[in-house]
Amino acid sequence: VSTLVARVRAPRVRSHYESIGRGSPILLTTQLQAAALETELAARGHDVVVAVAHRHSRPDTGAAVDAILAAGVGRVVMLPLFPQYSSSTTGSSEAELRRPLGERGADLPLTVVRSWCEHPSYLDAQTQLVDEMLAGVPDEKLSTALVVFSAHGLPQRIVDRGDPYPEEVEATVAAVVSRLQRPVEHVVAYQSRAGPIRWVGPDVREVIATAAADSRAWLGVVPISFVSDHVETLYEIDIAMRDHAAAAGIGDFHRSRCLGIDPIVGPMLADIIQEHL
19 VSTLVARVRA
29 PRVRSHYESI
39 GRGSPILLTT
49 QLQAAALETE
59 LAARGHDVVV
69 AVAHRHSRPD
79 TGAAVDAILA
89 AGVGRVVMLP
99 LFPQYSSSTT
109 GSSEAELRRP
119 LGERGADLPL
129 TVVRSWCEHP
139 SYLDAQTQLV
149 DEMLAGVPDE
159 KLSTALVVFS
169 AHGLPQRIVD
179 RGDPYPEEVE
189 ATVAAVVSRL
199 QRPVEHVVAY
209 QSRAGPIRWV
219 GPDVREVIAT
229 AAADSRAWLG
239 VVPISFVSDH
249 VETLYEIDIA
259 MRDHAAAAGI
269 GDFHRSRCLG
279 IDPIVGPMLA
289 DIIQEHL
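Throughout the sequence shown, residue numbering follows my numbering, covering 19 to 295 in sequence.
Next up, the structure:
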């Protein structure tokens, strides 16, 4: 299935990258997040090395393992930048990290932060970004406003095998909504669906169509499963979803910022990982 999805997506995704300038800021953003985390942990008295590993680009897990072995570390803590656990993201990333550790004969204790979807520091940071977006909603539009918490999609067959991802997305959203300064109607939806297989729903395009039919005057999208900007936010939300909403008659379309390199990120990540040091 993964091969089929990749084959279907490749030509389309290539054009998406061209639409956002032929590149993604995710590598630089992740490197800056890592530097902020290392600086924050050092300020708290922790002597750590923070290395970046990407699944489908460089630096990969092999390069990251080489870097930490060269630094002489005694143990490894893996912090996937996926707040909500899925076997297809965090689970497969753990397997991908264990592979080069084994190949290099590195018998190091490995701790994996499997999920941080309800960590208070993450929820507070995410809520701050949603509050920032909602501050721009005119009072007269608040009663007809809709916030769409959009998460990356997942094939339904993975969920049917017991994957907790949708439950963790819902848990994050419920906790964030309970913290918002301005109550607003909301819905959870999923994006990035591809191929003929069945995916977790509802699809965000269906939600936008329903919002238009309900005469929503204001629509805000929160990329709830993404901590950094990349093609899924810069193209799928900022361009494709906006165009879809406009075509449906919703002109007042907004998107909350990703955590990215906001000053809150270093302390937030440090709070999450400090419990495992």
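Yeah, the Cβ is synthetic: ideal placement off N, Cα and C, and Gly gets one too.
Being a predicted model, the structure only gives us computed values, none of them experimental.
Asked	Found
Inter-stretch contact at 8 Å, needing at least 3 Cβ pairs: the segment 93 to 107 / the segment 158 to 177	yes
Enclosing beta strand (DSSP E) for E98 [first to last residue]	The question names Glu, yet the displayed sequence has Pro at residue 98. Where P98 is concerned, there is no enclosing beta strand (DSSP E), given that its DSSP letter is neither H nor E.
E136 - DSSP class collapsed to helix/strand/coil	coil
Which of helix, strand or coil DSSP assigns to L126	coil
Boundaries (first-last residue) of the beta strand (DSSP E) holding P285	No beta strand (DSSP E) contains P285, which is instead part of the alpha helix (DSSP H) from V283 to Q292.
Length of the line joining the Cα atoms of S42 and L115	23 Å
DSSP beta-bridge partners of Q209	H170
Touching by the beta-carbon criterion (3+ pairs, under 8 Å), the segment 54 to 64 and the segment 251 to 260	no
Nearest residue (CA-CA) to V91, options H248, V68 and G219	V68
Distance, D181 Cα to Q144 Cα	23 Å
Start and end residues, beta strand (DSSP E) containing R273	F271 to R273
Pairwise C-alpha distance: S210 and V239	14 Å
G219 - DSSP class collapsed to helix/strand/coil	coil
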